[in-house]
Every structure is written in structure tokens, then in C-alpha cells.
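If you read the sequence shown in the UniProt record's numbering, its first letter stands for residue 1, the second for the next number, and so on. For every residue, glycine included, the Cβ atom is placed at its ideal position computed from N, Cα and C. Nothing here was measured: the structure is a model prediction, and the numbers come from that model. What follows is a short report on a single structure.
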Amino acid sequence: MIVIGEKINISFKTVRNAVELRDTAAIQDLAKKQCEAGATYIDLNAGISCKDEAERMEWLVNTVQEVADTPFSIDSPNVSTLKAGLKANRNPKPVINSITGEERRFQAVMPLILQYNTGVIALCMDDSGMPETVEDRVLIAGRLIDRLTREGVALGDIYIDPMVRPVASHSRYGMDSIETIYRVKEEFPEVHIACGLSNISFGIPQRKVMNHAFLIAAMTAGMDGAIMDPLDKKLMSLVYAGEALLGRDSFCMNYLMKCREGLLE
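Right under this line is the structure:
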């Protein structure tokens, strides 16, 4: 399971304060904890449309890579911020978060993917907006995959985001996400999924309960990656158990190893 650690995001008040104060120790501690908890990538988000976002991203990249060699997911809607993070990066191959089927966005981000040889998270939306049906999401995903591969991006470097929406907003949104994951993986088995896991629970109480249930349902549909909280020990325990149950962990060796390390709850 590809775990993209979500915690270094300026939307969290403690992270915003740490970034504003340039609190190196706080950011490095959070990065190390996510790595130790099993994060495959560390997502870095320096804010949206703030005037010093690019400089903040550069600082985040430099700060985290001093203590961790885990690859980054460079997360911003702003191309200048993506470029600043990629230029500063010395860790292994990063992922750009994100590209869409919107023509302006695609044309702006694509050169960075090629220049820095990155992976890319591709959101199932285009110039017509956020799709309402599974069929439209799958069609957009297919078009994005086709365009990216024609530009030279390997299938294994593409991470499809099925655009998980809160189940509190509509009772079908959970199944829409699960069915989208299943159909994308069925048609493009070499492509990864990068689901925004906690989006499913926005607006409801006891969000972790919903996140945990959605994780297992989505993994059963084929999800092999998620932007999620690796510091949620129960959630990570379910990742390891789910992989074993779904035949992704030969003889449960990884599950047993995590058990010996005291990482299961």
C-alpha cells in the first residue's frame, strides 16, 4: 500500500504556525514520525495562494530532507510553488500533486513532470468541472492516462485520484468512489490510486470510524494508495491486515513483522 502522509499541510493549525515561525524542529519531528509510522511519501502543502507560498515550499522541502530521505508529494495548485519544491528536492523521485484534465492546468504542469521526471497524481476532473457520475470519472481518468502516457509518463508513475466526496453530502458518494477505483484498476492495472481517504468523512462525527471502514472497502475494490494519516495506528493496522487478506502479503510476512515491531493496534 502506498501511504502518502498527509500531516505536513498548512490547513492544520499547528503546521501553519510552525511554518509561519519557521519552526524547524516541529516540522522535522512530524516528518520523522510519519516515516517511522510507515509513510511511503511525505505530502508537503505550503498553503494556497499566499504570497510567499513558493518560498514556504522550498523551506519545507529543505527542512524535511535534512532528516528524512522519504520521497515527497509536492502538493500545490500553483505551478511556481511546485517548481520551487521540485528544484529544492534532493530526495528520491517525487510525485506532483496534482494535474487534472483541465487544459490550462494540464499544459502548465506537464513540463514539470517531464523536466523533473516525477510521478503525478491525476484528479478525475476536467474543464466541465467535477463529474457527478462514475462513468464520467472513469472516462476522464482514461483520457488523462492516455494523454500522460503519450507524453512519455510511465503507467506506474500515474496515481489516479477518484475525487472522493463526503458521504454526508450524498448517500451514493461512497459507492461512487469505490466503483470508480474498481473500474480504473480493472482497465489500467498498472496505474496506482491516490485516494484522499479522509474526504469521505468530512462533516460527520467520529470521522476516524468512517475513514477506517472506507479504507477496507476501497482496498477491496483495488485501491493501492491513499493520502492518509500514518500516525493513526489503527488505520495503519488495517492497511497491514487488509493487504494480508487481499493476497498482497505473502504468508502474512509484513503483517507479522509489523506485529513484532509493536505497530499493530
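- For phenylalanine 106, the enclosing alpha helix (DSSP H) covers residues 103-116.
- With a cut-off of 8 Å on Cβ pairs, the region 169-179 is not in contact with the region 141-158, counting fewer than three such pairs.
- The beta carbons of asparagine 211 and leucine 246 sit no closer together than 9 Å.
- If you ignore the 5 residues before and after aspartate 75, its C-beta comes within less than 7 Å of the C-beta of Asp43, Leu44, Asn45, Asn97, all in its own chain and listed in chain order.
- With a threshold of 16 other beta carbon atoms within 10 Å, threonine 14 falls short and is exposed.
- DSSP assignment within the region 127-192 yields the following whole beta strand (DSSP E) runs of 3 residues or more, N-terminal first: 158-161.
- Rounded to the nearest whole angstrom, the C-alpha separation of leucine 139 and threonine 149 is 15 Å.
- A contact between stretches requires three or more CB pairs, one per stretch, nearer than 8 Å, and the region 54-63 meets this requirement with the region 79-96.
- The alpha carbon of arginine 165 has as its nearest neighbour, out of Tyr159, Thr180, His192, the alpha carbon of Thr180.
- Between the alpha carbons of alanine 241 and proline 92 lies a distance of about 28 Å.
- A Cβ-Cβ distance of about 23 Å is found for the pair glycine 38 and proline 162, leaving them out of contact under the 8 Å criterion.
- Residue pairing from DSSP leaves leucine 215 without any beta-bridge partner.
- Within the DSSP secondary-structure output, leucine 44 pairs in a beta bridge with Ile8, Ile74.
- Partner residues in the beta bridge of cysteine 195, as assigned by DSSP, are Ala226.
- Residue environment for asparagine 17: exposed (fewer than 16 other C-beta atoms within 10 angstroms of its C-beta).
- Checking the DSSP bridge columns, you'll see leucine 123 partnered with Asp161.
- If you ignore the 5 residues before and after glutamate 6, its C-beta comes within less than 7 Å of the C-beta of Asp43, Ile227, Met228, Asp229, all in its own chain and listed in chain order.
- With fewer than 16 other Cβ atoms from the protein chains shown falling within 10 Å of its own Cβ, cysteine 259 counts as exposed.
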